[in-house]
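*Asks:* Structure in structure tokens, see below.
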RNA sequence: GGGCGAUUAGCUCAGGGGGAGAGCGCUUCCUUGACGCGGAAGAGGUCAGUGGUUCGAAUCCACUAUCGCCCACCA
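Numbering (our numbering), first residue to last: 59 to 908.
What follows is the structure in structure tokens.
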């Protein structure tokens, strides 16, 4: 064995940067329309420019890069298109918090122009960070095509989409109840509201009668309703009871007074009211509750909006004007108590909406907003999913999206935020409303609002390829091949991309969707900054090496969420080391030319490798990463390293040097998509001239399948293991003598089991009979070992007896023989035969020794 | 209130009608000329519970328990 002079462990820090630079220098990741090749394209889900990448990004990056590199090696014109998202509301919140923390100012203190500039600067910085992290991760994206949702071209696509939808009547302006965030002073969509259980109270509110019909049916001179938000009573415009409610027949049509605002309102009947809830009387506040809004519409009542955009009481709030909604609640309750108008107050656990971005309690609030009418857009998307024109892994998410598409409401897309794409609508001096990219004339004012950030990202798969221009890129790469994403944005983003793709491009945005796991903290809970249990992927990449982290993540990745495990990363690291040492072995192994003189071992490893190629590739194609990792790991470690390398040391053929190198290089190629840096370096070390990234992926070759060699090596390895086992149990040292079992590779067996062939002179000596599946290995023993051998035989016999009985029992069952598949029955018969012979052999041996 | 998923070795998790798997941890042995981030040999599990379907169930079905996650306008 030659001295290789190669360090004993692989040093990722010394390798990764150099190799990434080399890939870039070679233009390895660049893709352009090429009529001679099939396209394969993934549009990277653009990370938000709000900070740094997290573990989810690391996982999804690993997944996408693995698929992309595999496709590239398989000969596709492969484009991974990178980009980042301006993240309107999220970034605005981040910058606002920073402003408050560092300067004690709000966005209103600095003004819109200055604030937007600060957002821009922040975004620039975050973007640089993120792109650096993608490089660290080894992402093989085409950097020339980097897109940003605030790029001029992208904004133009956004405006085009808006104007088109507006002209088609699918975008409209309307005054409705929206989810209002008083902190952001903006409307948000239904999907941006998180409902959380909170311990609240249910307050009994009494409305004194102001007509002359005397007390109510319960003898009181007031009607009582319950509310969790007593301050909203200032906006009450009616009370409502159920028309079927016998108790309140006489209440309908009577008039009561809303305290404080001293407004007289009427009691109506409406089916919506649940008589069993509270008193069965419902207060109607159309400006602050979506149900009330509808009931108010039915009753033709004008809403009274009592809140300002910042959550304080408006001028309609009488004496409470200017107070916060929280203070108003306390004050209203107190004043009611003083006036004897407060009924029961009960503890009440209920769900309250919070702003997804800032956590503020959402106020249902009547305001004028831009909406997209969803019904017409959703229908084609639903059809496409129903007919499985998009494959979704796992399929349950396809059904979930269908369900969502069947029940969705119109989408509020205007935001009263500052950071984002301005709505391309202009208001003229004469009340004109014009949707246009540019000002339609003098004295026109552009709508001050910006678009929901998901409106722009919904165009991602085609806007990144040049849309609305009919570019060559768009024609060649659209629809993209696959979208890989976390499930938390299936509705926010994925479903909308499908709708938009079908609407604007007339085709699906991607052929397949991979819904990946969520990476949880080590304790199985969600990672969150506030809990302080986040793991920074960059730290991991630095400590363990990118390839180890990628392998660990893919090994854990399935359709289930998983708790991040350092063990898996350590496993990846150990795997890299194992490969590195195999590299050193291959490098130091004697060279040999091509030879046809293949041994059974050579043929076996080629056959085994070939089968691995087929299965591994199929698993990756179906996004079954965890199983693919298990398979390639076990081939590399348990077949190639544990057996073939050991055989190559002791029983090589003239072809072995070539086979060893061929299989090892093939393994590096299989692993390259997953562990790009280390495999690239190893290939270089063993003398490959061309970078792996530019080489082709191993293809399955039926000619390499070799059942005979598989069978032979299977028997040989069992025989070797049986002897090793025997040695460990009996603690015999040194070389053994034994009879060579039939149908095995004699040289391999003798060398690895360290068994010298017995001679005819040994025929009469004491032997150990070692069962090894369907063969028996016989070892010559010294006379003094006879006693121990008797014990060992008894144990073996009782074990084999159980096997025989089990098989006999099964085969004696007529129903089993009749109903079980032929294969199973035959298998059972074979087991019975093998074990019967074994039992006979062992029993005979035992008798001889007794 | 609906829906989806999970419950498998001490730990973290794969698997998915025909003798229970991996990594880590544990035990014994091995400084063999790729590798102690290693090698060899082991120990360890009525696959949450109860019923059912089946010749056969950890696997399919129903229910129960526990834990997650989505969705929903009951004040």
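Built from N, CA and C at the ideal position, the CB exists for glycine as well.
(1) Tell me, please, whether the stretch 621–628 touches the stretch 736–753 by the rule of three or more beta-carbon pairs shorter than 8 Å.
(2) Under three-state DSSP, which class holds residue 529?
(3) Which word fits residue 621, buried or exposed, when buried means at least 16 other C-beta atoms lie within 10 angstroms of its C-beta?
(4) For residue 454, count the other beta carbons within 10 Å of its own beta carbon; 16 or more makes it buried, fewer makes it exposed. Which is it?
(5) Considering only the beta carbon of each residue, do residue 326 and residue 362 sit closer than 9 Å?
(6) Quick check for students: name the residue ranges of the alpha helix (DSSP H) that lie wholly in the stretch 579–630, counting only runs of 4 or more.
(7) Which one of 435, 197, 841 has the shortest CA to CA distance from residue 226?
(8) If you follow the alpha helix (DSSP H) that residue 460 is part of, which residue opens it and which one closes it?
(9) Provide the residue(s) that pair with residue 870 in DSSP beta bridges, ordered along the chain.
(10) Under the rule that 16 or more other beta-carbon atoms within 10 Å means buried, what is residue 723, buried or exposed?
(11) Return the first residue and the last residue of the alpha helix (DSSP H) that residue 177 is part of.
(12) Does the distance from the CB of residue 470 to the CB of residue 427 come in under 9 Å?
(13) I'd like the ranges of any alpha helix (DSSP H) spanning at least 4 consecutive residues and lying wholly in the stretch 334–409.
(14) I'd like the list of long-range same chain contacts for residue 582, defined as Cβ closer than 7 Å, with 5 residues on each side in sequence excluded.
(15) Distance, Cα to Cα, residue 59 vs residue 640?
(16) By Cβ distance, which residues of its chain are closer than 7 Å to residue 518, with the 5 residues on each side in sequence left out?
(17) Rounded to a whole number of angstroms, what is the C-alpha to C-alpha distance between residue 349 and residue 331?
(18) Output needed for residue 395: all residues of its chain with C-beta closer than 8 Å, excluding positions within five of it in sequence on either side, in chain order.
(19) Determine the closest residue to residue 507 out of 172, 524, 654, 476, with distance taken between C-alpha atoms.
(20) Within this structure, are the beta carbons of residue 263 and residue 288 separated by less than 9 Å?
(21) What does DSSP give as the partner residues of residue 321 in its beta bridges?
(22) Between residue 828 and the rest of its own chain, which residues show a CB-CB distance below 6 Å, the 5 nearest in sequence each way excluded?
(23) Exposed or buried, residue 632, counting other C-beta atoms within 10 Å across all chains shown (16 or more means buried)?
(24) Going by DSSP, which residues form a beta bridge with residue 574?
(25) Name, in chain order, the residues that DSSP records as bridge partners for residue 100.
(26) In angstroms with no decimal places, state the Cα-to-Cα distance between residue 907 and residue 837.
(27) Which first and last residues belong to the beta strand (DSSP E) in which residue 238 is found?
(28) Would you be able to state if there are at least three C-beta pairs under 8 Å between the stretch 590–603 and the stretch 688–705?
(29) Would you call the stretch 110–127 and the stretch 195–209 in contact, with 3 or more CB pairs under 8 Å?
(30) Count the other C-beta atoms from every protein chain shown that fall within 10 angstroms of the C-beta of residue 840, then say buried if there are 16 or more, exposed otherwise.
(31) With distance defined between alpha-carbon atoms, name the residue in 359, 659, 283, 532 nearest to residue 701.
(32) So who's on the other strand from residue 815, going by DSSP bridges?
(33) Return the Cβ separation of residue 346 and residue 421 in integer angstroms, given the expectation that the two are a contact with Cβ distance under 8 Å.
(34) Please classify residue 882 as buried or exposed, where buried requires at least 16 neighbouring CB atoms within 10 angstroms.
*Replies:* Looking at the coordinates:
(1) Cβ pair count under 8 Å is below three, so no.
(2) coil
(3) exposed
(4) exposed
(5) no
(6) 595–602, 604–614
(7) 435
(8) 454–464
(9) DSSP output for residue 870 lists no bridge partner at all.
(10) buried
(11) 170–194
(12) yes
(13) Runs of the alpha helix (DSSP H) inside the stretch 334–409: 348–356, 383–396.
(14) 621
(15) Residue placement at residue 59 cannot be trusted, given a pLDDT of 47 that sits under 50; what the coordinates show is reported in the next sentence. Taking the straight line joining both Cα atoms gives about 13 Å.
(16) 101, 104, 555
(17) A straight line joining the alpha-carbon of residue 349 with that of residue 331 spans about 10 Å.
(18) none
(19) 476
(20) yes
(21) Answer is 316, bridged to residue 321.
(22) 780, 784, 835
(23) exposed
(24) 544
(25) 138, 540
(26) 15 Å
(27) 229–239
(28) Verdict: no, contact absent.
(29) Verdict: yes, contact present.
(30) exposed
(31) Nearest of 359, 659, 283, 532 to residue 701, Cα basis: 659.
(32) 796
(33) 7 Å
(34) exposed
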